[in-house]
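One structure below.
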Amino acid sequence: MRLLKTENRKIAVEELNIADSYQRTIVPGRVNRIVKNLDQDAFGSLTVGQRRDGTYWVVDGMQRLTAARKLGIAMVPCDVFQSDGQEHEARVFRLKNRERTNVSSIALFRAQLTEGDEQSLEIAEVVRKAGLKLGLRDESAKWPYIRAVKALERSFQRVGGEGLAVAFGILNEAWPGEDGALQGDMIEGVCWFIKKQPDFDRDRLVGRLAKKSITGVLRAADANLKLGKDRDSSSYGRSMATYDAINFIYEKGMRRKKAAV
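So the sequence shown is numbered by my numbering: it starts at 392 and just counts up by one.
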């Protein structure tokens, strides 16, 4: 993205709007801390897009704006850029916030959806068709909500939308309606299995997994991860450890049968 050209000016608080589609949720505790410790000289400038209809939309600084409203501050400093609309603003939000540690992957994913990012839209469609939902606001991490958006992105890049859909089907059949089935490690573990074992027997995998608890699978993954760390394998992460646990469950007994034949 080209360098953002802005103009600094003070704008009336009542003229500033917030787009819920990509913005983060207001955090009352953070707002209260700003209110309590506000130093107007260190307030900084909000990043604001001015649309063609003349309206102003806050891209960065929503918590500070909320604090200013609580304090009755009438005007706040803003770095204003000319906005082409909500998609443009969402892109600016994502680019400004992607390196910040206090900005969640969920907030960035929500911005990508608003921006019209192709991969994010495809992931959202796969989730919808599977009868599941993206938990991009305040939803709990309970079925049918998925909040592990980074796991979804990595899995999509490994196996594509079709593979991700297969993984959702397997998880739903093995542990229907169980909350833990939709956590990131489980999704990634199954997608790794699909990638590494393309000719697997789906019925066998579902049947074998259904006999195990999610807790049991993740406990085995933790044991695998510990072994990997003991071997000083820095590239061996929990998703791969979960794959190894799933693969062991799937293959258990197969070698004996092959040997008997």
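Just so you know, even glycine gets a beta-carbon here, dropped at the ideal spot from N, CA and C.
Query: Residues bridged to MET466 by DSSP?; Result: ALA403
Query: Keeping to the same chain, check which residues put their C-beta closer than 6 Å to that of ALA481; ignore five residues upstream and five downstream.; Result: TYR413, ALA502, THR505 and GLU506
Query: Would you tell me roughly how many angstroms separate the C-alpha atoms of ARG519 and LEU499, rounded to the nearest one?; Result: 19 Å
Query: Do you know offhand how far ASP576's Cα is from SER630's?; Result: 5 Å
Query: Need the endpoints of the alpha helix (DSSP H) that GLN588 sits in, please.; Result: Taken as a continuous stretch (DSSP letters only), GLN588 belongs to no alpha helix (DSSP H), as it is neither H nor E.
Query: Applying the criterion that 16 or more other CB atoms from any shown protein chain within 10 Å of the CB defines a buried residue, is ARG485 buried or exposed?; Result: buried
Query: Assign ARG593 to one of two classes, buried (16 or more other C-beta atoms within 10 Å of its C-beta) or exposed (fewer than that).; Result: exposed
Query: To the nearest whole angstrom, what separates the beta carbons of ILE578 and PHE547, a pair I think is in contact under 8 Å?; Result: Not a contact, Cβ separation roughly 10 Å.
Query: Between THR457, ARG442, ALA458 and THR438, which has its C-alpha nearest ASP451's C-alpha?; Result: THR438
Query: Would you list the one or two residues that DSSP bridges to LYS524?; Result: TYR536
Query: Jot down the residue ranges of each uninterrupted beta strand (DSSP E) in the stretch 536–585, minimum 3 residues, whole runs only, in chain order.; Result: none
Query: Could you check what DSSP says for MET392 in three-state terms: helix, strand or coil?; Result: Caution applies to MET392, whose pLDDT of 48 falls short of 50 and renders its modelled position unreliable; the value that the coordinates give is listed next. DSSP places MET392 in coil when its eight states are reduced to three.
Query: Counting along the chain, where does the beta strand (DSSP E) carrying THR438 start and finish?; Result: 437–441
Query: Per DSSP, GLN332 forms a beta bridge with which residues?; Result: Residue 332 falls outside the range modelled here, since the chain spans only 392 to 652, and no answer is possible.
Query: Can you give the Cα-Cα distance for ARG489 and TYR627, rounded to whole angstroms?; Result: 25 Å
Query: Do you know offhand how far ASP613's Cα is from GLY554's?; Result: 25 Å
Query: Would you say VAL449 and LEU407 are within 8 Å of each other, going by their C-beta atoms?; Result: yes
Query: For ASP451, which residues does DSSP report across the bridge?; Result: THR438
Query: Can you give me the C-alpha to C-alpha distance between ILE497 and ASP529, rounded to a whole angstrom?; Result: 11 Å
Query: Under a three-way DSSP split, which group does ILE677 fall into?; Result: Here the chain covers residues 392 to 652 and nothing more, so residue 677 does not appear.
Query: In whole angstroms, what is the alpha-carbon distance linking PRO567 and THR606?; Result: 15 Å
Query: For PHE639 and ILE409, what's the separation of their Cα atoms in angstroms?; Result: 50 Å
Query: Within its chain, find whatever has a CB closer than 7 Å to the CB of SER511; leave out the 5 residues flanking it on each side and keep chain order.; Result: PHE500, GLN503 and LEU504
Query: Since VAL404 contacts ALA459 with CB under 8 Å, what's their CB separation in whole angstroms?; Result: 6 Å
Query: Verify whether the separation of the beta carbon atoms of ALA556 and ALA521 is less than 8 Å.; Result: yes
Query: If you draw a straight line from the alpha carbon of LYS396 to that of GLY440, how long is it in whole angstroms?; Result: 11 Å
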